[in-house]
Amino acid sequence: MRRYVIKRLAQAVGVLWAAYTVSFLVLNWLPGDPVTAMASAGMDSGDVDPARLAALRQEYGFDKPAPVQYAEHLGRAVRGDFGDSVSTGRPVTSTLAGALPQTLQLTGAALLLAVVLGGGLAVPATYTSRRWLRQLLLSLPPLGVSVPTFWVGLLLVETFSFRLHWLPAFGNDGFTGLVLPALTLAVPTGAQIAQVLAKSLLTALGQAYVETARAKGAGRWRVHLRHALRNASLPALTVVGLLVGQLIAGSVVVETVFSRDGLGRVTAAAVTAQDIPLVQGVVVFGALIFVTTNLVIDLVYPLLDPRIVVTSDRKAALA
Amino acid sequence: MSQSLVDDPAEAAPGPARPVAAGPEPDPGHRVEVGRLLRFVVRRPGLLLSVVVLVLVVLASFVPGLFTSQDPLKGVPSQNFRGPSGSHWFGTDELGRDVFSRVAHGAQLSLKATLIAVLVAFVVGGLLGVVAGFVGRWADDVLMRFVDVLLSIPALFMSLALVTALGYGTVKVAVAVGIAGVAGFARVARAEVLRVRQAVFVEASRAGGARWYSVLGRHVLPHAAGPVIVLATLDFGSSILAVSALSFLGYGAPPPAPEWGTLISDGRNYLANAWWLTALPGLAIAATVLAANRIARAMDGEWSRQR
Numbered sequence: 130m131r132r133y134v135i136k137r138l139a140q141a142v143g144v145l146w147a148a149y150t151v152s153f154l155v156l157n158w159l160p161g162d163p164v165t166a167m168a169s170a171g172m173d174s175g176d177v178d179p180a181r182l183a184a185l186r187q188e189y190g191f192d193k194p195a196p197v198q199y200a201e202h203l204g205r206a207v208r209g210d211f212g213d214s215v216s217t218g219r220p221v222t223s224t225l226a227g228a229l230p231q232t233l234q235l236t237g238a239a240l241l242l243a244v245v246l247g248g249g250l251a252v253p254a255t256y257t258s259r260r261w262l263r264q265l266l267l268s269l270p271p272l273g274v275s276v277p278t279f280w281v282g283l284l285l286v287e288t289f290s291f292r293l294h295w296l297p298a299f300g301n302d303g304f305t306g307l308v309l310p311a312l313t314l315a316v317p318t319g320a321q322i323a324q325v326l327a328k329s330l331l332t333a334l335g336q337a338y339v340e341t342a343r344a345k346g347a348g349r350w351r352v353h354l355r356h357a358l359r360n361a362s363l364p365a366l367t368v369v370g371l372l373v374g375q376l377i378a379g380s381v382v383v384e385t386v387f388s389r390d391g392l393g394r395v396t397a398a399a400v401t402a403q404d405i406p407l408v409q410g411v412v413v414f415g416a417l418i419f420v421t422t423n424l425v426i427d428l429v430y431p432l433l434d435p436r437i438v439v440t441s442d443r444k445a446a447l448a
Numbered sequence: 339m340s341q342s343l344v345d346d347p348a349e350a351a352p353g354p355a356r357p358v359a360a361g362p363e364p365d366p367g368h369r370v371e372v373g374r375l376l377r378f379v380v381r382r383p384g385l386l387l388s389v390v391v392l393v394l395v396v397l398a399s400f401v402p403g404l405f406t407s408q409d410p411l412k413g414v415p416s417q418n419f420r421g422p423s424g425s426h427w428f429g430t431d432e433l434g435r436d437v438f439s440r441v442a443h444g445a446q447l448s449l450k451a452t453l454i455a456v457l458v459a460f461v462v463g464g465l466l467g468v469v470a471g472f473v474g475r476w477a478d479d480v481l482m483r484f485v486d487v488l489l490s491i492p493a494l495f496m497s498l499a500l501v502t503a504l505g506y507g508t509v510k511v512a513v514a515v516g517i518a519g520v521a522g523f524a525r526v527a528r529a530e531v532l533r534v535r536q537a538v539f540v541e542a543s544r545a546g547g548a549r550w551y552s553v554l555g556r557h558v559l560p561h562a563a564g565p566v567i568v569l570a571t572l573d574f575g576s577s578i579l580a581v582s583a584l585s586f587l588g589y590g591a592p593p594p595a596p597e598w599g600t601l602i603s604d605g606r607n608y609l610a611n612a613w614w615l616t617a618l619p620g621l622a623i624a625a626t627v628l629a630a631n632r633i634a635r636a637m638d639g640e641w642s643r644q645r
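What follows is the structure, encoded as C-alpha cells:
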C-alpha cells in the first residue's frame with residue numbers, strides 16, 4: 130500500500146510540473162509576442178508605445194534568455210508565486226484564492242446534483258421491466274450531452290426567473306441564487322455519469338454473483354442496490370474524477386451566463402485582457418484540481434476494491 | 339470530451355481484446371453494402387432524422403441561400419422583435435434582421451470552425467498515436483506521457499490559454515478547440531495500432547519481408563482507422579459545443595458575423611422580451627450535435643453488431 134501511495138504521489142507531481150511547462154510554452158512562445166499582447170489587451174497591436182513595451186519586457190523578465198525565464202518562473206511557481214496580474218496588478222495566487230470559494234460552492238453543488246441525476250436515471254432505467262420507461266430514461270443522457278450549457282442556463286433563466294419569478298436570474302445571493310447555475314452545470318455531467326453507470330449496471334447484472342445472490346433468495350431491490358450497484362459504481366467513480374476538471378472549466382461559461390463572481394468570471398476577464406500570468410495561473414490550477422481529485426480517487430479505490438493494490442504491487446515486484 | 343473515452347478508461351490493453359475483422363470485402367459485395375446501409379438507416383427513424391438534419395446543416399453551410407432569401411446582416415428596423423411567424427420562422431432581432439437567415443448563414447462560420455477543429459485534432463492526435471503505437475519503446479513512453487499531461491488540463495482551459503496566445507477569430511478559436519482535442523485521438527489511435535499490430539496478417543506480412551512503411555500503410559492503418567473515425571464523428575459534436583461556447587464568450591468572429599454562439603450571446607440581452615433570439619439558435623446547435631452523436635453511436639456499435 131505504501132509503495133502504491135508514493136508512486137501515485139510522484140506521478141501527480143510530475144503531471145503538475147509538465148502542465149506548468151506546457152502552459153508556459155503555449156502562453157509565452159506561441160506566435161505573437163506576449164508583451165505586445167499584454168500592452169494592447171486584445172486590440173489591434175499596431176500602435177503601442179515602444180518605451181512601454183521595453184519597460185514591460187524588463188518588468189516581466191522577457192529580456193532574458195528563454196531557459197532562464199522558464200527556470201525563474203518555475204522556481205517562483207513552486208513557492209506558490211505566479212506573478213502579478215497584468216490588468217489588476219494584484220498577485221495571481223491571491224486573485225485565484227479570492228475567487229475560489231464561490232466557484233467551489235457552485236461546482237460542489239453541481240457535482241452533488243449530477244451524481245443524484247445520474248444515479249436517478251441509471252438505477253430506475255436498469256431496474257424497470259417496462260420497455261417504454263427504460264427507453265425513455267435511457268434517451269435522456271444523450272440529450273444532456275448534446276445541448277450547449279450556456280443555452281440550458283439561458284432557458285432556465287427565461288423560464289424560472291423571467292416568467293415564473295421563482296428564482297433570481299443573476300448574482301451570488303445565497304441558496305436560491307445557486308440553484309439554477311448548479312443545475313445548468315450538472316446537466317452534461319449528470320448525463321455522462323448516467324451513461325457510464327447504466328452501462329456498468331447492465332454488465333454487473335449479468336455477472337455470476339448476481340445470479341448467486343438471486344439464487345440465495347435476495348429480493349430484486351436488494352440484489353440491484355447492494356450487489357450490482359456497489360460493483361457498478363467503480364467505473365462511475367473513475368468518470369467522476371475525469372469530470373471534475375470539466376466542472377471547474379464549465380464554471381467559465383455558467384458564471385458568465387448567471388453573472389456570478391468566481392473563478393470562471395476571473396478566467397473570462399483574464400482571457401479578454403490577455404492577462405498571461407493570470408491565465409497561466411488558472412490553467413495550472415485546473416490541472417491541480419484534476420490531479421488532486423484523481424489522486425484521491427486512486428487512493429480510495431483500494432478501499433472499495435482490494436484487488437487493485439494487490440495487482441499493482443505484484444506488477445511492481447515483477448519489474 | 340468524447341463518451342467513448344469515458345466508457346473505457348483502462349489503458350489500451352495490448353491483448354487480443356477484440357479480434358481484428360477480416361479485410362474489407364472484395365468489390366462484388368459493393369452494391370450489397372449500399373443496399374444494406376440504406377436499409378440500416380431507414381429502419382431506424384431516429385438515425386434517419388439525424389442524417390437528414392446533418393445533411394441540411396452541411397447544405398446550409400455551403401449554400402445558405404437555398405434555405406432563405408433574406409439578408410442575414412441587413413434588417414428592417416421597423417420590423418424588430420417580431421416573434422416567430424410564417425415570414426420570419428425564427429422571428430427578428432433588435433435590428434429587424436431575420437434570425438432564421440442568420441442561423442442559416444451562421445452555419446457557414448460555425449461548421450467551418452468545427453471542421454477545422456476536428457481536422458486539427460484528427461491529424462495531430464492521429465499522428466502522435468500512430469507513431470507511439472507503431473514505433474513503441476521510448477517514443478511510446480515520451481508521447482503518451484505528453485498526452486497524459488494534455489488530458490490533465492481541462493479542455494476549455496486549454497482552449498482559453500491558446501486563445502489568449504493566438505488572439506480572437508473563428509479560425510483561431512477552431513485551432514484552439516482542435517488542439518484541446520488532440521489527446522483523445524492520440525489515445526484511441528495508439529490503442530488501435532497496438533491492437534492491429536499484433537494481428538496474424540501483420541506478422542505474416544512482416545515475415546514475408548515487407549518494409550515497415552508498407553506494413554503500416556497497407557495493413558495497420560486501414561484496420562486501425564475505424565474507431566478513430568467514430569471518434570472524429572463524436573468529436574464533431576463536442577467541437578460544435580466547444581466552438582459555440584468560445585464564441586458565446588466573445589472570442590469568435592467580430593460582431594456582425596452571425597456565428598451560432600454569438601447569436602445566443604446577443605439574444606441574451608433581450609431574454610425578458612424576446613425568447614426566440616436565444617431559444618431557437620440554441621435549438622439549431624443542439625439538433626446538430628444530437629444528430630452527429632446519434633450517427634457516431636450507430637457507427638460505433640450498431641452497424642457491426644447487425645452483421
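Line by line, the protein sequences are chains A and B. Take any residue in the first sequence, note its place counting from 1, add 129, and you have its number in this note's numbering. Take any residue in the second sequence, note its place counting from 1, add 338, and you have its number in this note's numbering. The C-beta atom is built at its ideal place from N, Cα and C for all residues, glycine as well.
Query, Result
"Return the chain-ordered list of same chain residues with a C-beta closer than 7 Å to the C-beta of Arg356/B, the five sequence neighbours on each side being excluded.", "Below a pLDDT of 50, predicted positions are generally treated as unreliable, and Arg356/B, at 49, falls in that range; the measurement from the model is reported next regardless. Same-chain partners within the cutoff: Arg533."
"Contact check, Pro310/A vs Leu579/B under 8 Å by CB: the rounded distance?", "Going by Cβ atoms, the distance from Pro310/A to Leu579/B rounds to 18 Å, so no, they are not a contact pair."
"Using the beta-carbon of each residue, which ones in chain B are nearer than 7 Å to Gln336/A?", "Those within 7 Å of Gln336/A in chain B number zero; the least Cβ separation is about 18 Å."
"When we look at the beta-carbon of Gln264/A and count the other beta-carbons within 10 Å, is it buried (16 or more) or exposed?", "exposed"
"So Asp573/B is in the alpha helix (DSSP H); what residue range does that whole segment cover?", "Leu559 to Phe586"
"Name the chain B residues that come within less than 7 Å of Ser258/A, Cβ to Cβ?", "The contacting residues do not exist; Ser258/A stays about 23 Å from chain B at best."
"Mind listing the chain A neighbours of Asp479/B? Cutoff is C-beta to C-beta under 7 Å, in chain order.", "What Asp479/B touches in chain A: nothing, since even the nearest Cβ is about 13 Å away."
"For chain A, check one thing: does any of its Cβ atoms lie closer than 9 Å to the Cβ of Arg635/B?", "yes"
"List the residues of chain B whose Cβ lies closer than 9 Å to the Cβ of Leu272/A, in chain order.", "Ala624 and Leu628"
"On the CB-based measure, 16 or more other CB atoms within 10 Å of its CB, does Val136/A come out buried or exposed?", "This sequence places Lys at residue 136/A; Val is not what is there. The residue in question, Lys136/A, is exposed, as its Cβ has fewer than 16 Cβ neighbours within 10 Å."
"Between the alpha carbons of Asp365/B and Leu262/A, how many angstroms are there, rounded?", "Bear in mind that the predicted position of Asp365/B carries a pLDDT of just 49, short of 50, making it unreliable; the figure below should be weighed with that in mind. Their backbone Cα atoms lie some 44 Å apart in a straight line."
"Closest Cβ-Cβ distance between Phe275/A and chain B: below 9 Å?", "According to the sequence shown, residue 275/A is Ser rather than Phe. Closer than 9 Å to some Cβ of chain B, the Cβ of Ser275/A qualifies, so yes."
"Touch check for the segment 570 to 589 of chain B and the segment 442 to 455 of chain B: three-plus C-beta pairs under 8 Å?", "yes"
"From what residue to what residue does the alpha helix (DSSP H) around Val316/A run?", "Gly303 to Leu334"
"Output, in chain order, the set of chain A residues within a Cβ distance shorter than 9 Å of Leu587/B.", "Phe279, Val381, Val382, Thr385, Ala397, Val400 and Thr401"
"Less than 9 Å between the C-beta atoms of Gly605/B and Leu615/B, yes or no?", "yes"
"Is it true that the CB of Ala251/A sits closer than 9 Å to the CB of Ala323/A?", "yes"
"Only counting the same chain, and skipping five residues up and downstream in sequence, which positions put a Cβ closer than 6 Å to that of Gly471/B?", "Arg528, Val531 and Leu532"
"Can you name, in chain order, every residue of its own chain whose Cβ lies under 6 Å from the Cβ of Val429/A, other than the five neighbours on each side?", "none"
"Pair every Cβ in the segment 226 to 246 of chain A with every Cβ in the segment 386 to 393 of chain A, then say whether three or more of these pairs are closer than 8 Å.", "yes"
"From which residue to which residue does the alpha helix (DSSP H) around Lys510/B run?", "Thr508 to Ala518"
"Counting along the chain, where does the alpha helix (DSSP H) carrying Tyr608/B start and finish?", "Segment: none, Tyr608/B is in no alpha helix (DSSP H) and carries neither H nor E."
"Out of Arg260/A, Leu285/A, Gly273/A and Gly248/A, which one is the CA nearest neighbour of Lys328/A?", "Gly248/A"
"So what does Thr430/B bridge to, in DSSP terms?", "Asp436/B"
"Cα separation between Thr367/A and Val396/B?", "36 Å"
"Residues of chain B with a CB under 9 Å from the CB of Phe153/A: which are they?", "Under the 9 Å cutoff, chain B gives no residues; its nearest Cβ is about 10 Å from Phe153/A."
"Quick one: grab the DSSP three-state call for Asp486/B.", "helix"
"If you draw a straight line from the C-alpha of Ala398/A to the C-alpha of Val381/A, how long is it?", "10 Å"
"Just mark Asn157/A as buried or exposed, buried being the case when its beta carbon has 16 or more other beta carbons within 10 Å.", "buried"
"Using alpha carbons as the reference points, say which of Ala141/A, Arg355/A and Leu312/A lies closest to Ala243/A.", "Leu312/A"
"I need the straight-line Cα distance from Gly522/B to Pro594/B, nearest angstrom please.", "34 Å"
"At the 9 Å Cβ level, is Val501/B part of the contact set with chain A, yes or no?", "yes"
"For the alpha helix (DSSP H) that contains Asp427/A, what are its first and last residues?", "Ile405 to Leu433"
"Could you give the distance in angstroms between the alpha-carbon of Ser407/B and the alpha-carbon of Gln336/A?", "59 Å"
"Alpha carbon to alpha carbon, how far is Val540/B from Val558/B? Give it in angstroms, no decimals.", "7 Å"
"Could you give the first and the last residue of the continuous alpha helix (DSSP H) run that contains Leu411/B?", "Here Leu411/B belongs to no alpha helix (DSSP H), and DSSP marks it neither H nor E."
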